[in-house]
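Student: Have a look at this one.
Numbering (our numbering), first residue to last: 285 to 428.
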């Protein structure tokens, strides 16, 4: 019985790791690989797949952080995003969020780089009410 349980867990982990999205995976072309290596040196591409919005999402590891870069149908970079620990947000970003949405707490944060600059995407909650806020690193609110 002791051997059955570990084997069952391994089988279950393998089964759940193979999801239906695997059918959407595609190869990454040279132009995209070159861009990622130039912008994020030392990166390791893990997978690429098309999103419902038509963008190609390329997941890669850079400086031990999982990042997602998005490209349009012309292989042009649209943006890159990755998760950010709430505790590591700049104080200017936290202050902007609390000014715009007092009594809300930051539930999730992403860092986004795009051709026009960079920003944080914050998901804020108060009870069952949710808000999304985009804030530059210096605390300027872009949209909510």
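Cβ atoms here follow ideal geometry from the backbone N, Cα and C, with glycine treated the same way.
State buried or exposed for residue 305, treating a residue as buried only when at least 16 other CB atoms are found within 10 Å of its CB.
Tutor: As a first step, residue 305 is located in the chain shown; it is residue number 21 there, counting from the start. The predicted position of residue 305 is uncertain, since its pLDDT is 48 and thus under 50; no value can be drawn from it.
Student: DSSP on residue 379, reduced to helix/strand/coil?
Tutor: Here residue 379 is taken as the residue at index 95 of the chain shown, counted from 1. Helix at residue 379.
Student: Rounded to the nearest angstrom, what separates residue 309 and residue 325 at their Cα positions?
Tutor: In the chain shown, residue 309 corresponds to position 25, counting from 1. In the chain shown, residue 325 corresponds to position 41, counting from 1. Computed Cα separation, rounded: 23 Å.
Student: How many Å lie between residue 340 and residue 414 at the Cα?
Tutor: By 1-based counting over the chain shown, the position of residue 340 is 56. By 1-based counting over the chain shown, the position of residue 414 is 130. Answer to the nearest angstrom: the Cα atoms are 28 Å apart.
Student: Apart from the five residues just before and just after residue 363, which ones in its own chain have a Cβ nearer than 7 Å to its Cβ?
Tutor: Working through the chain shown from its first residue, we reach residue 363 at position 79. The answer, listed in chain order, is 354, 396, 397 and 398.
Student: Is the distance from the Cβ of residue 372 to the Cβ of residue 346 below 8 Å?
Tutor: Along the chain shown, one-based indexing puts residue 372 at 88. Along the chain shown, one-based indexing puts residue 346 at 62. No; because the gap between Cβ atoms is not below 8 Å, this pair is not in contact.
Student: Using a Cβ-Cβ cutoff of less than 7 Å, which residues in the same chain neighbour residue 244 once the five nearest sequence positions on both sides are dropped?
Tutor: Residue 244 is absent from the model: the chain starts at 285 and stops at 428.
Student: So residue 403 and residue 418 are supposed to be a Cβ contact under 8 Å. How far apart are they, rounded?
Tutor: Translated into the one-based positions of the chain shown, residue 403 becomes position 119. Translated into the one-based positions of the chain shown, residue 418 becomes position 134. Confirmed, Cβ separation roughly 5 Å.
Student: What residues in its chain sit with their C-beta under 8 Å from that of residue 423, if we drop five residues either side in the sequence?
Tutor: Counting from one through the chain shown, the residue named residue 423 turns up at place 139. Answer for residue 423: 374, 376, 377, 379 and 380, listed in chain order.
Student: By a C-beta neighbour count over all protein chains shown, 10 Å radius and 16 as the cutoff for buried, is residue 351 buried or exposed?
Tutor: Along the chain shown, one-based indexing puts residue 351 at 67. So residue 351 ends up on the buried side.
Student: Starting from the N-terminal side, write out each stretch of the beta strand (DSSP E) that is 3 residues or longer and does not extend beyond the region 335 to 370.
Tutor: Listed in chain order, the complete beta strand (DSSP E) runs (minimum 3 residues) inside the region 335 to 370 are 340 to 346, 349 to 355 and 361 to 367.
Student: Hey, could you find the ends of the beta strand (DSSP E) residue 393 is sitting in?
Tutor: Within the chain shown, the letter at position 109 stands for residue 393. Unbroken beta strand (DSSP E) run through residue 393: 389 to 398.
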